[in-house]
Amino acid sequence: MKTYKQYELFKISRFETTEWKHPLHNHTYFEIIFIQNGNGWHTINDNRFPYKEGNVFLLTPGDYHTFEIETTTRFCYLKFTELYLKSNGFLPEQDEWFRQLEFILHTHNLLPGDVLRNEQDRILVTQLLEVLLHESDTRKMYSESIVQNCLKSMLDIIARNIIVKKEAVKQPDRDLLTELTTYVRRYIYEPEKLRIQHLAEQFNLSSNYIGIYFKRKMGESLQQYILQYKLKLIETRLLYSDRTISEIGYELGFTDESHLNKIFRKYKGMSPKAFRLQKRSV
150 MKTYKQYELF KISRFETTEW KHPLHNHTYF EIIFIQNGNG WHTINDNRFP YKEGNVFLLT
210 PGDYHTFEIE TTTRFCYLKF TELYLKSNGF LPEQDEWFRQ LEFILHTHNL LPGDVLRNEQ
270 DRILVTQLLE VLLHESDTRK MYSESIVQNC LKSMLDIIAR NIIVKKEAVK QPDRDLLTEL
330 TTYVRRYIYE PEKLRIQHLA EQFNLSSNYI GIYFKRKMGE SLQQYILQYK LKLIETRLLY
390 SDRTISEIGY ELGFTDESHL NKIFRKYKGM SPKAFRLQKR SV
């Protein structure tokens with residue numbers, strides 16, 4: 150599979166075409182794709198669904214996709230790297246926003262497709278795109294700051310819609326496994342809410358049943374799933390933040406840096422420091 154790389158921190162791509170000329174591919178960067186007109190099919194990570202005017206898609210590093218165009222389609226791409234998210238103080242790493250970004254990174258592709266469910270939010274995102282494009286084209290005073298804030302607002306709205314989309318899936322026929330995994334991801338920083346007894350009360354089930362059900366469906370215990378998700382978050386922090394390893398470990402409930410190093414090396418085959426250096430040198 151072809152991997153597309155981008156060395157610019159932020160790039161806008163606008164084009165209209167009747168034929169998709171790219172092979173199935175993935176990226177080393179983020180993409181927000183706006184369908185400005187046309188229709189056809191979009192495949193993301195083996196999930197195929199129709200697209201139409203007004204759809205918005207989010208792709209994170211590693212996602213793979215391709216389009217099948219049925220009628221002439223105009224695309225607008227916002228492509229940005231993790232360094233752009235850190236530039237000029239854009240990403241306040243110590244607040245809730247970074248956790249929201251992590252939620253997007255590790256949750257959006259569980260329910261793939263158009264990321265906007267609320268039509269009022271779709272209007273807002275379209276307006277933000279217009280402002281972003283105008284500022285990018287005109288390059289006036291403070292344009293760069295306005296562009297970054299428009300992008301941040303888009304990601305905020307996308308995060309809100311991902312949560313709403315997941316909650317809507319529960320009704321009328323709820324998927325217990327989806328509910329459990331989404332709950333774990335949302336409250337990963339609040340360990341008291343991830344105890345078996347609390348989960349049993351939250352989902353109105355017995356403690357034994359939750360453990361047995363989760364192991365049967367996922368092939369691993371709930372505690373193992375929580376650990377693996379924490380390891381994914383650690384990878385995200387190592388790649389997209391300048392937090393020290395001690396700070397990352399403390400936030401995710403590890404006893405100390407030595408404890409985190411031991412667990413990370415066991416499952417990833419290298420230390421967190423080596424992982425950060427290796428991935429950032431790519």
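In terms of the numbering used here, the sequence shown has 356 at position 207, counting the first letter as 1, and numbering is strictly consecutive.
Every residue, glycine too, gets a C-beta built ideally from N, C-alpha and C.
Keep in mind that this is a model prediction, so the values were computed, not measured.
Cβ-Cβ distance between residue i and residue j below 7 Å
{"i": "TYR200", "j": "ILE181", "result": "no"}
{"i": "LEU382", "j": "ILE307", "result": "no"}
{"i": "ILE375", "j": "LEU343", "result": "yes"}
{"i": "ASN175", "j": "ARG223", "result": "no"}
{"i": "ASP452", "j": "ASN204", "result": "Examination of residue 452 is not possible in this model, given that the chain is present from 150 through 431 alone."}
{"i": "SER292", "j": "GLU284", "result": "yes"}
{"i": "LEU388", "j": "PRO421", "result": "no"}
{"i": "ASN188", "j": "THR220", "result": "yes"}
{"i": "TYR213", "j": "LEU173", "result": "yes"}
Distance, residue j Cα to residue i Cα
{"i": "SER162", "j": "THR192", "result": "20 Å"}
{"i": "THR359", "j": "LYS379", "result": "Checking the displayed sequence, the identity of residue 359 turns out to be Ile instead of Thr. Going from the Cα of ILE359 to the Cα of LYS379 covers about 20 Å."}
{"i": "SER356", "j": "TYR416", "result": "28 Å"}
{"i": "THR167", "j": "LEU277", "result": "27 Å"}
{"i": "LEU401", "j": "TYR338", "result": "6 Å"}
{"i": "GLU341", "j": "TYR362", "result": "21 Å"}
{"i": "ASN410", "j": "LEU304", "result": "32 Å"}
{"i": "MET419", "j": "ILE412", "result": "10 Å"}
{"i": "ASN298", "j": "GLU369", "result": "40 Å"}
{"i": "GLU328", "j": "THR209", "result": "23 Å"}
Paired residues, beta bridge with residue i - DSSP
{"i": "TRP465", "result": "Because the chain here runs from 150 to 431, residue 465 falls outside it and cannot be looked at."}
{"i": "ASN175", "result": "THR152, TYR213"}
{"i": "PHE224", "result": "PHE164, ILE184"}
{"i": "VAL205", "result": "PHE183"}
{"i": "PHE159", "result": "PHE229"}
Cut-off 7 Å between Cβ atoms - residues of its own chain near residue i, not counting five sequence neighbours on either side
{"i": "LYS160", "result": "LYS228"}
{"i": "GLU406", "result": "ILE394, SER395, GLY398"}
{"i": "MET150", "result": "LEU173, HIS174, ASN175, TYR213"}
Contacting residues, own chain, Cβ-Cβ under 8 Å from residue i (five flanking each side not counted)
{"i": "ARG271", "result": "GLY203, VAL205, LEU265"}
{"i": "CYS225", "result": "ILE161, SER162, ARG163, ILE182, PHE183, GLN185, LEU278, LEU282"}
{"i": "ILE345", "result": "SER356, ILE359, GLY360, LEU371"}
{"i": "ILE295", "result": "VAL280, LEU281, GLU284"}
Nonlocal neighbours in the same chain, by C-beta distance under 6 Å from residue i, ignoring five residues either side
{"i": "LEU348", "result": "ILE359"}
{"i": "ARG309", "result": "none"}
{"i": "ARG101", "result": "Residue 101 falls outside the range modelled here, since the chain spans only 150 to 431, and no answer is possible."}
Margin query: Could you tell me which whole alpha helix (DSSP H) segments of length 4 or greater appear in the region 339 to 406?
Written below: 345 to 352, 356 to 367, 371 to 389, 394 to 400
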